[in-house]
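Residue numbering for the sequence shown follows my numbering, beginning at 20 and increasing consecutively. We treat Cβ as the ideally placed atom computed from N, Cα and C, and that holds for glycine.
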Amino acid sequence: MIKMMGVLLAGLVLVGCATTKPEMPGSIYSEAAKLHVGIEYCVRMGWLSPDLGAIGKRGIESRINEYSYDYERLNSEARMINSDSQKPNQGDCNKAAMDIQGYNQRNTLQNQATKDNQREIQDLINSGFVDRIIAKYEPTPHLFYRSSNQYKPF
């Protein structure tokens, strides 16, 4: 019975931890496709460096990976935008370059902050601080047990 309860509890914990991504809204499909096609066009025209274009595409991918999405629908949106005659101009590409640089700098700062936090935690672990905290709150073994109103040694 106890084993069965343990299995059920473990199952509930695993089911509770399984999260599904929300469905990607239609507006993000068209926005992501438009940005992707625009970045490719800007790189092809020489108005955006390939490095910045690659960073921009990674940014788009990280945004859409927050959702559950239909890959074919995204490609279909990109094909429709690609066939459209409305292409970005050099000013649009310059603005995209600034936005991509800003994204890249924020991402770099966030990654550095995460590394710094991990290093601080590892330093605490290495210093023995965590072991001292655990030892402070660890229950001490009972040297005596109570039986019929008397304390008897083990």
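Practice prompt. Count the other C-beta atoms from every protein chain shown that fall within 10 angstroms of the C-beta of M99, then say buried if there are 16 or more, exposed otherwise.
Written response: Here M99 is exposed. Its C-beta has fewer than 16 other C-beta atoms within 10 Å.
Worksheet item: What's the call for V62, buried or exposed, on a 16-neighbour Cβ count within 10 Å?
Response: Buried, by the Cβ-count rule.
Practice prompt. Could you check if A51 is buried or exposed, using at least 16 other CB atoms within 10 Å of its CB as the buried criterion?
Written response: It is buried - the Cβ of A51 has at least 16 other Cβ atoms within 10 Å.
Discussion item. For G65 and H55, what's the separation of their Cα atoms in angstroms?
Written reply: Between G65 and H55, the C-alpha separation is close to 16 angstroms.
Discussion item. Taking 8 angstroms as the threshold (C-beta atoms), are Y90 and K40 in contact?
Written reply: Between K40 and Y90, the gap from beta carbon to beta carbon reaches 8 angstroms or more.
Discussion item. Please tell me whether G78 and D111 are closer than 8 angstroms, where the distance is taken between their beta carbons.
Written reply: The answer is no: Cβ separation not under 8 angstroms.
Fill in: Spatially closest choice to I47 from G72, S81, I74 and L71, by CA coordinates
Closest in alpha carbon position to I47, among G72, S81, I74 and L71, is S81.
Worksheet item: With DSSP run on the structure shown, which of helix, strand or coil describes E139?
Response: E139: helix per DSSP, three-state reduction.
Practice prompt. List the DSSP bridge partners of S87.
Written response: Note: S87 sits in a beta bridge opposite E42.
Fill in: Terminal residues of the alpha helix (DSSP H) in which K155 lies
Counting along the chain, the alpha helix (DSSP H) containing K155 begins and ends at F148 to Y156.
Worksheet item: Can you name, in chain order, every residue of its own chain whose Cβ lies under 8 angstroms from the Cβ of P69, other than the five neighbours on each side?
Response: Leaving aside the five residues that flank P69 on each side, the residues in its chain whose CB is nearer than 8 angstroms to its CB run, in chain order, V62.
Practice prompt. Please state whether DSSP places P107 in a helix, a strand or coil.
Written response: In the three-state DSSP reduction, P107 falls in the coil class, being neither helix nor strand.
Worksheet item: Under three-state DSSP, which class holds G75?
Response: Three-state result, G75: helix.
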